[in-house]
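Here's the structure we're looking at; comments come further down.
Residue numbers (this note's numbering), protein chains in the order written: chain A, 1 to 87; chain B, 1001 to 1970; chain C, 2001 to 2181; chain D, 3001 to 3416.
Right under this line is the structure:
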């Protein structure tokens, strides 16, 4: 499995750390209801298909990446830097 | 028997080898199988379940029968395919899976019991009495099962792993693969050509023929010479591509040194990770056996293998050969045998419309319905219409047609497609992105078809790479149609084998269907068909056909099982190369490492680091004596410890304080320059992630300390928080763990010791930090303590670490102090009630450890919201307490109310850290106890069943030593 | 006053085998230059005093003994010289944090192909390129400094493991060459 | 048909013609009292115990593929009861007791073999954590024995005691731990359920769940609509998709876990061995293959196949721990899809829909749970009350913070 880091280029999966779904980027407000925090931390669409999730180029440039990929075919259709993501 | 004038072996290079203790001679270029056959050794193994005598069936890695042990000077290798293993001078081998000798295997009794040992029999019996399963039945089954043996000794062989990259990976070097490699190579693409065998050429080596108007061997030599000369083509011999993985990654196993006597540093095998933009699967096809009664005797071989042994190795399996085949193509072997002077007793062709041109009896419409010969074939029974007759023969070449070698195309869950004309599965296009199957692997069975499709795939690949396809004329070659009538099984008396390796017969498959195991997956699992070392390469399709027949369905409707990696079995040592011994994970060494070892300190692992456990003195016989002394030394004089393993993160920028406020529960933006503060960090789910001190070195400059264990974790966490939530803040950070050697100096004489190193006068308040100069070197001095004594940590650039440590220790010793290790460090911190990851083990909240007040109410921070969940609060939670006892106690013990019964429901908590405190003269523990903070002063019963400890303790505050902190602030 | 003797991670160790040389190098000062948001222009001024510019990803450049190596998003290591005043960036001394190994010889890339999951052949990784990647299980910075020369930076505490693995791999590559001959 | 040694002999003497199908192949009826979605180990055992314990036999098990085709047929077959946290402890203890009588219960040899599980530890801290766990096991009434280094050597002389990267300090021996023949468990429950009248319907994929006014009414399937008073979702690996049919978003992320088996070898490993530092566990099957595995591939996936980095990591762990297995050759690798929950523990609970029940989140410990999971799920569906030993497996525990995080790795799904 290979991921194209927007900075380092295409690299082997072993250089990356996987965190979880894109949901982690949408941190609720500090005073949000606990249900919102529950959804943020735990509940997932978990699709069998295209999803967006978070990877960390741990052995490379230390950037967090937002990866668009298919959980069934493992096809990767997009990678962007979390720090420079568009919305 | 060796045939003069045939074969590609090097007859000028004889090789001696041994099999089952007997010496034999072969030639360079022989496999063990060809050399044994040349020596008329037909019996080479015993089958898995019935221990039937078995001979060589194939000439490749798909061999199900001829599996042997190779005995090396130091170790042995089980389950080696005799059909792949090349002979070399001194090769020592033996047969396996037998009780007694190969000729007289006592377990052959199983073959007599076969009516009771059919598919799934073990699910129906061995249930009574219950205790007999582990005691009797299972050990017997285990001993009888299995194939070869491991020695039980460490594998000390050399193995390697490597990465390779290319534009086009060509798998297989028959006509299709060669044509693909040549086309891509001439186009200037970066090409890797992998060939499993020990020579390039594929079926060219076995079948001969003509290509481009010249003998195929000549064409092969020309193409190889050109490929070798191309700098952009890499030829990899003895390399099997074993797996297709995501995004153009392929696993491949190279047999580097297995065909030679062992040499120092020469690896046995190399496991390659090949990354290819395009791949061409030109792996050919595998001929399939026919299931007729007793079709498994030594002397019965696939027709293509008979041909390979004849043409490539100059060997005939028998003197009177019979051919039983349902294709025109298979007839060639009979003609070639006759041309080589071998008698062909008969050709049996089950097709009623088959031709008959050979100069030997041809039984059109005939079928083999039985065979004879206990340890090797002596004769066969043939049925033709109503007539049955015997033929004396010592070799039966059989062919039931061919299956494309499409396994790699299934590795990413692709299902193959049934091709009615070929009566075989063919690859589903696009099943592995970037991989195209060509030639026989894709069902193009003629040489012409191989050349055309190999060329076309390469053209497609080079064009996709943006290169111009070379103008390469296609050489002329044989293009006969491949016609067959599917023949899977022949009805008759007795058992007809489908899966030779796992002893699965047509009866087993029918029984599975009869018992409702009608799904192909159920049949496979119930009968174990396809689960033997050949992975069903020889049996899957036929078994499927028999199942389809038994269940009244068509083959496509019945479906097929999936092929999974690896294509051929790969040794654990090859895929795990480099993992042996210390290679499993990097070792990290402190600058004080040698100095500690010089003092006899046992070094223990702390994550990847090695840290001194204690520093023994002459006369001390146990670690406890040393530890107690070191604790007293710190409490009474001064001790020195290397604490460089703690994570250090340098954080700068105008928003640095704001950033720390966000990741810590408490506030750092208000910390004055030159001061240090203890910080607590939560995971977003509200549990404690880590703790440590952070120092403010300048207005916009902090230095964060993490625990040793969590250094990497915290860095990743900070990167996430920064990049995900505040990438635009003016803050940057980087690890400086490796940049500084840092030493704790603790004890009443700490200040004096530290002072002796500094140019400036030490006048730091507790929790202060200042830049210092140590012997002309820039350093940092922190007044922090993990021991409860007045403590400092002195940091210098790593290159000076060893010198500073040696000097610190030497001077400490003149003051009645010295170095202390992890054991003493642990005692000191327990006495003081300081927590480590033994306490913050991941299920612990700030509330649990009594630090809820450190969660600032004035600001948001990571983890604050989720920590509010009701389940993380309240008296049901176990809270950090201290325990004091007068008898030995243990970490891992559980806590109970004295007098109450001991079981799960009465469990009150557990102990995380324990020590003998020389300072307090008592056993101390840190523990988690339900509602613990309200229970100080209570007696609690500590029970460690495993260590036989049952002690009443007193519950108390976790800070045992100097609770007011007077010593710290002295 | 103490006299502190500086020691490198491997005492300048050197190995030659099968036409390959492995040696611990002294990189001189190493300074991390991490740009603040909007700090690129200010930082460029500081770097200009050395005749350097902030390197594009995966590259490094050298000028008169000063080398600037891309190491991450808006981050570079200035090597070989003491850092000038640079504004718009966080500067952090990394001189002691790394061990630098040089490997040279025709088969240097073959050796690294056994440890590094990146295509380091000169066609894909010519001189002037840098990769943040791994040497087996260790994070590393790998620089292509010449046709047959590469430099490998690993965390100082792991230098012995790096040496051990490179040495072992060199032996294996050398043994293969010996068999071919 | 009752199975026995005598039966095997008499059938053998008469050409094995008398064996009858292990289960019927019924067509789905229009309505059932209970529909279980999922014909894996948990679904089949749920149906079995609904019939056996609660007399509810008008039950259908709907399986989209073949019975036992999910994780029950692709795991490393370890059976153990060695948990620390209350909630898990009593549940797995109950499960192990059911295992111990399973052959007699099902009249099917599932080859449950209590050959002993040894968890190795490699530091003082790990030892303490294992002792803590071992004491919890004994408090629960199960068994555990602390082995020192020499004790481990007696059991496992082939480990590399001298050079392994993380030295062996000792081990926690769980004598009643062991393994079983995975497929047989599914088939045994299937056969038992079928015998009690349960309809096992294969090749029947559920495509929708019918809900009216908050009450479940039945399911839509590729073989037509089926009405049901109660529906159980027991489809670990696909839980999120099926639950979504009822409008639920689950605390589950799906991950692939690879496992490996070598070619057959004569007996060489007689225990189940687990390596604490390297995420590596191994046993030898009765057929002789070394069966082993390690960690997840770690990225969300439904692909039922893995990639090389984890393959290599597992092999490297094997080589540092027990280098004698180096020359064993890996025959086959495969991947299972794991329901990873945020605390590593499962969910057996009611849902917001009346009559709809959920059994999921088995992470990678589902195989050993098969008997108790079915037992408790059946209890829940029959009585509408959680079974005593499964009452902490609540769906809302993540929201409330009543977590069952054995590993202490936190709410990240793939870390358990």
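Virtual Cβ for every residue (Gly too), placed ideally from N, Cα, C.
inquiry  = The alpha helix (DSSP H) that contains residue 3331 of chain D, what's its start and end?
reply    = Not the alpha helix (DSSP H): residue 3331 of chain D falls in the beta strand (DSSP E), residues 3329-3340.
Measuring only the C-alpha atoms, how far is residue 1120 of chain B from residue 3187 of chain D? 11 Å
Taking contact to mean 3 or more Cβ pairs, one atom from each stretch, closer than 8 Å, check whether the stretch 1042-1052 of chain B and the stretch 1060-1068 of chain B are in contact.
yes
query = For residue 1975 of chain B, which residues from the same chain have a beta carbon less than 8 Å from its beta carbon, with the 5 sequence-adjacent residues on both sides left out?
reply = Chain B is shown only over 1001 to 1970; residue 1975 of chain B falls outside these bounds and no answer can be derived.
Note to self: Can you pull the chain A neighbours of residue 2139 of chain C, defined as C-beta to C-beta under 7 Å?
What the structure shows: 59
Can you tell me whether residue 3396 of chain D is buried or exposed, with buried defined as 16 or more other CB within 10 angstroms of its CB?
exposed
Worksheet item: Going by Cα to Cα distance, which pick from B/1740, B/1135, B/1257 and B/1243 is closest to residue 1413 of chain B?
Response: B/1243
* Contact the stretch 1745-1758 of chain B vs the stretch 1686-1695 of chain B: 3+ CB pairs below 8 Å -> no
Does the CB of residue 3329 of chain D have a neighbour CB from chain B at under 8 Å?
The beta carbon of residue 3329 of chain D falls within 8 Å of a beta carbon belonging to chain B, placing the residue at that interface.
Quick test of the definition: if touching needs 3 or more C-beta pairs under 8 Å, does the stretch 1793-1807 of chain B touch the stretch 2090-2105 of chain C?
Yes: the two stretches touch, three or more of their Cβ pairs being nearer than 8 Å.
Problem set entry | Straight-line Cα distance separating residue 1251 of chain B from residue 1177 of chain B | 18 Å
Exercise for the section: Pick out whichever of B/1010, B/1058 and B/1094 has its Cα sitting closest to the Cα of residue 1017 of chain B. Expected result: B/1094
- Message: Using only CA atoms, which one of D/3415, D/3414, D/3416 and D/3402 lies nearest to residue 1845 of chain B?
- Response: Proximity to residue 1845 of chain B across D/3415, D/3414, D/3416 and D/3402 peaks at D/3402, based on C-alpha coordinates.
First and last residue of the uninterrupted beta strand (DSSP E) at residue 1140 of chain B: Looking at the DSSP string, residue 1140 of chain B is not in any beta strand (DSSP E); the run it does join, the alpha helix (DSSP H), is 1138-1144.
Exercise. May I ask you to list, following chain order, the residues of the stretch 41-60 of chain A that have a beta carbon less than 7 Å from some beta carbon of chain D?
Key: 41, 42, 43, 44, 45, 46, 48, 51 and 53
Beta-carbon proximity list for residue 1370 of chain B, same chain, < 8 Å, skipping 5 on both sides: Once the five neighbours on either side are set aside, the close Cβ partners of residue 1370 of chain B are 1292, 1293, 1294, 1380, 1381, 1492, 1493 and 1494.
- Query: Does the beta-carbon of residue 63 of chain A have 16 or more other beta-carbons within 10 angstroms, so that it is buried, or is it exposed?
  - Reply: buried
(request) Mind listing the chain A neighbours of residue 1160 of chain B? Cutoff is C-beta to C-beta under 8 Å, in chain order. (result) Those do not exist, as residue 1160 of chain B stays about 17 Å from chain A at its closest Cβ, beyond 8 Å.
Establish whether the CB of residue 3280 of chain D and some CB of chain A are separated by less than 8 Å. no
Q) Which parts of the stretch 2053-2088 of chain C are runs of the beta strand (DSSP E), unbroken and 3 residues or longer, counting only runs that do not cross its ends? A) 2060-2063, 2066-2072 and 2075-2079
Below-8 Å beta-carbon distance, residue 2058 of chain C vs any chain B residue = no
Tell me, please, whether the CB atom of residue 3013 of chain D is closer than 8 Å to any CB atom in chain B?
yes
At which residues does the alpha helix (DSSP H) containing residue 55 of chain A begin and terminate? It is not in any alpha helix (DSSP H) - residue 55 of chain A instead sits in the beta strand (DSSP E) that spans 50-56.
(request) Take residue 1431 of chain B as the anchor and find which of A/82, A/78 and A/74 has the nearest alpha-carbon. (result) Of the listed residues, the one whose Cα sits closest to residue 1431 of chain B is A/74.
Fill in: Near-chain C residues of the stretch 16-39 of chain A - C-beta to any C-beta below 7 Å
none
| field | Beta-bridge pairing of residue 1274 of chain B - partner residues as DSSP gives them | value | B/1164 and B/1250
| request: Could you work out which residues of chain B lie near residue 77 of chain A, taking near to mean beta carbons separated by less than 9 Å? | output: Going along chain B, no residue has its Cβ under 9 Å from residue 77 of chain A, so there is no contact; the nearest lies around 12 Å.
*Beta-ladder partner(s) of residue 3359 of chain D, from DSSP*: Residue 3359 of chain D pairs with D/3348.
| task | Answer with yes or no whether the minimum CB distance from residue 82 of chain A to chain B is below 8 Å. | result | yes
Practice problem: Give me the Cα-Cα distance between residue 3350 of chain D and residue 3398 of chain D, rounded to the nearest whole angstrom. | Solution: 15 Å
- At least one CB of chain C closer than 8 Å to the CB of residue 1017 of chain B: is that the case? Not one chain C Cβ lies under 8 Å of residue 1017 of chain B.
message: What would DSSP say about residue 1666 of chain B, mapped onto helix, strand or coil?
response: coil
Roughly how many angstroms separate the alpha carbons of residue 1113 of chain B and residue 3225 of chain D, rounded to a whole number?
Looking at the two C-alpha atoms, the distance is approximately 49 Å.
**Message:** What does the alpha-carbon distance come out to for the pair residue 1646 of chain B and residue 3115 of chain D?
**Reply:** 42 Å
Note to self: Between residue 1926 of chain B and residue 1880 of chain B, how many whole angstroms is the CB-CB distance? I'm expecting something under 8 Å.
What the structure shows: 7 Å
Using a cut-off of 7 Å between C-beta atoms, extract the partners of residue 13 of chain A located in chain D. 3307 and 3309
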